[in-house]
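Residue numbers (our numbering): 27 to 204.
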């Protein structure tokens with residue numbers, strides 16, 4: 027498992043050729059299934075007609091391995107355009123769309139803001155959410171992670187969690203990361 031922000035900037039290599047395609051620019055989540063579905067990658071040396079680096083999407087199912095330093099794909103056949111992913115249906119969200127959302131209990135208590143997502147890089151499952159409670163408090167006490175559950179609701183304007191979530195918060199260091 028890994029914090030989503032640690033995936034950003036990782037190089038993407040092709041297993042069959044050893045080529046470095048580019049870097050992970052963003053993460054694409056399915057809000058309805060609460061899963062990491064794909065990686066948005068900016069090409070290293072491929073440009074469009076305007077000279078801008080090409081962007082393509084790699085579904086998590088098509089990733090050979092997410093290592094500690096790089097993402098490995100088997101070959102170029104797994105590259106997709108964003109419109110192909112969006113046409114699969116469902117509600118999609120990119121990292122900037124969810125980072126900064128308020129985290130509120132069903133009882134109406136604001137716990138902080140969503141700072142990152144803890145994901146299983148093999149299955150895409152969201153395992154938890156890292157909260158920020160402001161810069162000063164984060165520096166003094168550290169950030170915490172709340173474990174994901176079927177009872178939370180990730181929406182476009184907030185993450186709503188059960189009232190007893192406060193009791194389940196744990197320091198981010200207590201979640202082993204690969």
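Note that beta-carbon positions come from the ideal geometry of N, C-alpha and C, so glycine has one too.
On a predicted model such as this, the values are computed, not experimentally measured, just so you know.
Range covered by the beta strand (DSSP E) that runs through residue i
{"i": "residue 104", "result": "No beta strand (DSSP E) holds residue 104; DSSP gives it neither H nor E."}
{"i": "residue 169", "result": "Element bounds for residue 169: n/a, residue is neither H nor E."}
{"i": "residue 89", "result": "89-92"}
Environment of residue i [buried if 16+ CB atoms lie within 10 Å]
{"i": "residue 41", "result": "exposed"}
{"i": "residue 33", "result": "buried"}
{"i": "residue 148", "result": "exposed"}
{"i": "residue 49", "result": "buried"}
{"i": "residue 154", "result": "buried"}
{"i": "residue 161", "result": "Here residue 161 scores only 47 on pLDDT, less than 50, and its place in the model is too uncertain to base an answer on."}
{"i": "residue 72", "result": "exposed"}
Residues sharing a beta bridge with residue i, DSSP
{"i": "residue 49", "result": "37 and 68"}
{"i": "residue 142", "result": "156"}
{"i": "residue 97", "result": "38 and 92"}
{"i": "residue 151", "result": "61"}
Residue i - containing alpha helix (DSSP H), residue span
{"i": "residue 192", "result": "191-194"}
Rounded separation between residue i and residue j - CA only
{"i": "residue 102", "j": "residue 179", "result": "36 angstroms"}
{"i": "residue 60", "j": "residue 95", "result": "25 angstroms"}
{"i": "residue 109", "j": "residue 65", "result": "14 angstroms"}
{"i": "residue 43", "j": "residue 98", "result": "11 angstroms"}
{"i": "residue 165", "j": "residue 136", "result": "Here residue 165 scores only 47 on pLDDT, less than 50, and its place in the model should not be relied on; the value that follows carries that caveat. Distance between the alpha carbons of residue 165 and residue 136: 19 angstroms."}
{"i": "residue 196", "j": "residue 67", "result": "32 angstroms"}
Short Cβ contact (8 angstroms threshold) for residue i with residue j
{"i": "residue 132", "j": "residue 188", "result": "yes"}
{"i": "residue 75", "j": "residue 145", "result": "no"}
Test: residue i CB closer than 8 angstroms to a CB of chain B
{"i": "residue 78", "result": "The chain inventory of the structure shown lacks chain B, comprising one protein chain alone."}
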